[in-house]
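S.K.: Supplied in structure tokens, the structure appears directly below.
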């Protein structure tokens with residue numbers, strides 16, 4: 080049975096979810112109409128999967144939904160950090176909008192992410208202060224905290240940005256993270272972050288309807304949405320690990336493993352693809368068709384089936400993390416890393432076997 084340490088503000092949680100859902104569900108048709116009038120589309124190309132023009136400003140709706148739902152559901156004088164989260168979201172909002180409409184260089188996009196990370200860390204105090212017994216280390220000095228936190232935020236933003244390649248995948252991963260981290264925040268008594276997670280979940284579910292099932296009203300998340308989503312998840316990862324420090328040592332030790340499990344597929348896919356690009360002598364940010372979702376599509380799976388397979392794989396990693404949480408933390412982390420990289424290689428193994436069979440016949 081789940082034990083909540085503080086009263087759960089159920090009205091605020093429901094309110095944030097409903098407002099986020101209704102706002103996004105209402106705003107997306109308007110965004111689609113404007114996109115059609117102004118020809119603001121994601122154009123098909125050799126490195127893109129979509130075969131027809133689709134509006135790609137779904138991130139605008141996500142920004143509106145999460146921001147307004149959180150602002151209306153909470154007392155901002157109590158949720159001090161949200162002003163810094165909102166400032167970072169605004170920067171990524173305009174960065175993403177420019178990239179979705181005009182395209183910007185990876186360097187400029189990277190610098191925007193670093194600036195947002197520094198706002199969260201230096202101004203908002205949203206940073207890792209403890210390594211949770213990793214290599215036996217607990218509290219870390221400020222400079223190390225700064226470097227680790229910037230790296231983590233930028234890595235998570237890019238991981239979410241990179242998996243946004245097929246219908247429903249980034250949004251489903253975001254819903255998954257919002258529900259799991261949101262539940263943890265409520266158990267820990269951190270209702271403000273629980274409300275933020277609820278607003279995010281409601282907004283993403285509304286977007287997902289149009290993204291997966293919209294025929295005349297289909298829309299993509301775009302860079303605006305994936306950057307915003309990545310930042311929100313990064314904030315939740317850091318704050319969950321920081322809040323865990325107030326609880327028994329088992330929770331402190333398990334919190335980084337739980338966070339890794341939730342983000343297992345996006346992070347592992349990013350590391351895998353970046354490594355392949357570097358080994359090929361290319362920039363890690365150069366686009367290609369080597370992501371896990373590209374491999375599943377080559378095997379003949381639909382967008383929806385591919386998304387379900389990847390989300391189910393991530394769910395399996397989380398189940399394994401909980402099932403074997405009695406193991407030594409470093410052993411468990413190593414085991415999970417081996418399992419996720421093996422699972423990510425399975426589509427490649429199947430593809431190579433198919434090609435060999437075709438050569439034989």
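Numbering (our numbering), first residue to last: 80 to 440.
Even glycine gets a Cβ: it sits at the ideal position worked out from N, Cα and C.
Please read all numbers here as calculations on a predicted model, not as lab measurements.
Cβ of residue 192 within 7 Å of Cβ of residue 233?
M.R.: Locating residue 192 in the chain shown gives position 113, where the first residue counts as 1. Locating residue 233 in the chain shown gives position 154, where the first residue counts as 1. A contact, by the Cβ cut-off of 7 Å.
S.K.: Look at the alpha carbon of residue 304 and the alpha carbon of residue 170, and state the distance between them as a whole number of angstroms.
M.R.: Position 225 of the chain shown holds residue 304. Position 91 of the chain shown holds residue 170. Using only the alpha carbons, I get a separation of about 12 Å.
S.K.: Per the DSSP calculation, residue 134 is bridged to which residue(s)?
M.R.: Locating residue 134 in the chain shown gives position 55, counting from the first residue. According to DSSP, which records beta bridges pairwise, residue 134 is partnered with 120.
S.K.: Give a yes or no on whether the C-beta atoms belonging to residue 208 and residue 184 are separated by under 7 Å.
M.R.: Within the chain shown, the letter at position 129 stands for residue 208. Within the chain shown, the letter at position 105 stands for residue 184. Taking 7 Å as the Cβ cut-off, residue 208 and residue 184 do not qualify as a contacting pair.
S.K.: If you measure between the beta carbons of residue 314 and residue 91, is that distance less than 7 Å?
M.R.: Here residue 314 refers to the residue found at position 235 of the chain shown. Here residue 91 refers to the residue found at position 12 of the chain shown. Cβ distance not < 7 Å, so residue 314 and residue 91 don't count as in contact.
S.K.: Is it the case that the Cβ atoms of residue 107 and residue 292 are separated by a distance below 7 Å?
M.R.: Counted from its first residue, the chain shown places residue 107 at position 28. Counted from its first residue, the chain shown places residue 292 at position 213. Cβ atoms of residue 107 and residue 292: not closer than 7 Å.
S.K.: Assuming residue 301 is part of the alpha helix (DSSP H), what are its boundary residues?
M.R.: Reading the chain shown from its first residue, position 222 is the one you call residue 301. Taken as a continuous stretch (DSSP letters only), the alpha helix (DSSP H) holding residue 301 covers 301-322.
S.K.: Quick one: using the 10 Å Cβ neighbour count with 16 as the cut-off for buried, is residue 186 buried or exposed?
M.R.: Position 107 of the chain shown, counted from the first residue, corresponds to residue 186. Result: exposed.
S.K.: Helix, strand or coil for residue 440 per DSSP?
M.R.: Against the chain shown, residue 440 aligns to sequence position 361. Caution is warranted here: a pLDDT of 49 is assigned to residue 440, below 50, making its placement in the model unreliable, and no coordinate value can be reported.
S.K.: Give the list of continuous beta strand (DSSP E) stretches no shorter than 3 residues that lie fully inside the region 195-283.
M.R.: none
S.K.: Compute the beta-carbon to beta-carbon distance between residue 133 and residue 297, rounded to the nearest angstrom, for a pair I have assumed lies under 8 Å.
M.R.: Counting from one through the chain shown, the residue named residue 133 turns up at place 54. Counting from one through the chain shown, the residue named residue 297 turns up at place 218. With a Cβ gap of about 5 Å, residue 133 and residue 297 count as contacting.
S.K.: Check this for me: beta carbons of residue 411 and residue 341, under 7 Å apart or not?
M.R.: Position 332 of the chain shown, counted from the first residue, corresponds to residue 411. Position 262 of the chain shown, counted from the first residue, corresponds to residue 341. No, Cβ-Cβ distance for residue 411 and residue 341 is not below 7 Å.
S.K.: Do you know how far the Cα of residue 350 is from the Cα of residue 228?
M.R.: Here residue 228 refers to the residue found at position 149 when the chain shown is read from its first residue. Here residue 350 refers to the residue found at position 271 when the chain shown is read from its first residue. Taken atom to atom, the span from the alpha-carbon of residue 228 to that of residue 350 is near 18 Å.
S.K.: Give the single residue among 399, 393 and 426 whose Cα lies nearest to the Cα of residue 248.
M.R.: As a working mapping, residue 248 is identified with position 169 in the chain shown. When each option's Cα is compared against that of residue 248, the closest is 393.
S.K.: My output table needs one value for residue 286: the three-state DSSP class, helix, strand or coil.
M.R.: Sequence index remark: in the chain shown, residue 286 carries index 207 (1-based). Residue 286 falls in the helix class under three-state DSSP.
S.K.: Measure from the alpha carbon of residue 204 to the alpha carbon of each residue in 235, 210 and 162, then state which is nearest.
M.R.: Here residue 204 refers to the residue found at position 125 when the chain shown is read from its first residue. Checking every option, the nearest Cα to that of residue 204 belongs to 162.
S.K.: By the three-class DSSP mapping on this structure, what secondary structure does residue 178 have?
M.R.: The residue labelled residue 178 in the question sits at position 99 within the chain shown. Residue 178 falls in the helix class under three-state DSSP.
S.K.: Using 10 angstroms around the beta-carbon of residue 218, count the other beta-carbons present and answer buried if the total reaches 16, otherwise exposed.
M.R.: As a position in the chain shown, residue 218 is number 139, starting the count at 1. With fewer than 16 Cβ atoms within 10 Å of its Cβ, residue 218 is classed as exposed.
S.K.: Might you give, ordered along the chain, the residues of its own chain that have their beta carbon closer than 6 Å to the beta carbon of residue 299, omitting 5 neighbours on each side?
M.R.: As a position in the chain shown, residue 299 is number 220, starting the count at 1. If we look at residue 299 and ignore the five residues flanking it on each side, its Cβ neighbours are 121, 133, 135 and 137.
S.K.: Assuming residue 366 is part of the alpha helix (DSSP H), what are its boundary residues?
M.R.: Reading the chain shown from its first residue, position 287 is the one you call residue 366. Looking at the DSSP string, residue 366 is not in any alpha helix (DSSP H), and its letter there is neither H nor E.
S.K.: For a test of the three-state rule: what should DSSP assign to residue 183, helix, strand or coil?
M.R.: The sequence position of residue 183 within the chain shown is 104, counting from 1. Looking at residue 183 - three-state DSSP - the assignment turns out to be coil, as it is neither helix nor strand.
S.K.: Does the beta-carbon distance from residue 142 to residue 307 come in below 7 Å?
M.R.: Within the chain shown, the letter at position 63 stands for residue 142. Within the chain shown, the letter at position 228 stands for residue 307. A contact, by the Cβ cut-off of 7 Å.
S.K.: I'd like to check one pair, residue 245 with residue 385: are the Cβ atoms closer than 7 Å?
M.R.: As a first step, residue 385 must be located in the chain shown, where it is residue number 306. As a first step, residue 245 must be located in the chain shown, where it is residue number 166. A contact, by the Cβ cut-off of 7 Å.
S.K.: Is the beta carbon of residue 356 sitting closer than 7 Å to the one on residue 363?
M.R.: The count along the chain shown starts at 1 and reaches residue 356 at position 277. The count along the chain shown starts at 1 and reaches residue 363 at position 284. Closer than 7 Å, so yes.
S.K.: What's the call for residue 202, buried or exposed, on a 16-neighbour Cβ count within 10 Å?
M.R.: Within the chain shown, residue 202 is the residue found at index 123, counting from 1. Exposed, because fewer than 16 other Cβ atoms sit within 10 Å of the Cβ of residue 202.
S.K.: Look at the alpha carbon of residue 80 and the alpha carbon of residue 266, and state the distance between them as a whole number of angstroms.
M.R.: Reading the chain shown from its first residue, position 1 is the one you call residue 80. Reading the chain shown from its first residue, position 187 is the one you call residue 266. For residue 80, the predicted model reports a pLDDT of 45, less than 50, meaning its position is unreliable; a value from the coordinates is still stated below. Approximately 11 Å between the Cα atoms of the pair.
S.K.: Using only CA atoms, which one of 239, 168, 322 and 243 lies nearest to residue 270?
M.R.: Residue 270 sits at position 191 when you count from the first residue of the chain shown. Nearest of 239, 168, 322 and 243 to residue 270, Cα basis: 322.
S.K.: Do residue 277 and residue 158 have their CB atoms nearer than 7 Å?
M.R.: The sequence position of residue 277 within the chain shown is 198, counting from 1. The sequence position of residue 158 within the chain shown is 79, counting from 1. Going by C-beta atoms, residue 277 is not nearer than 7 Å to residue 158.
S.K.: Identify, in the order they occur along the chain, each residue of the same chain with its Cβ nearer than 6 Å to the Cβ of residue 216, setting aside the five sequence neighbours on each side.
M.R.: Working through the chain shown from its first residue, we reach residue 216 at position 137. Closer than 6 Å at the Cβ level, and outside the excluded window around residue 216, lie 210.
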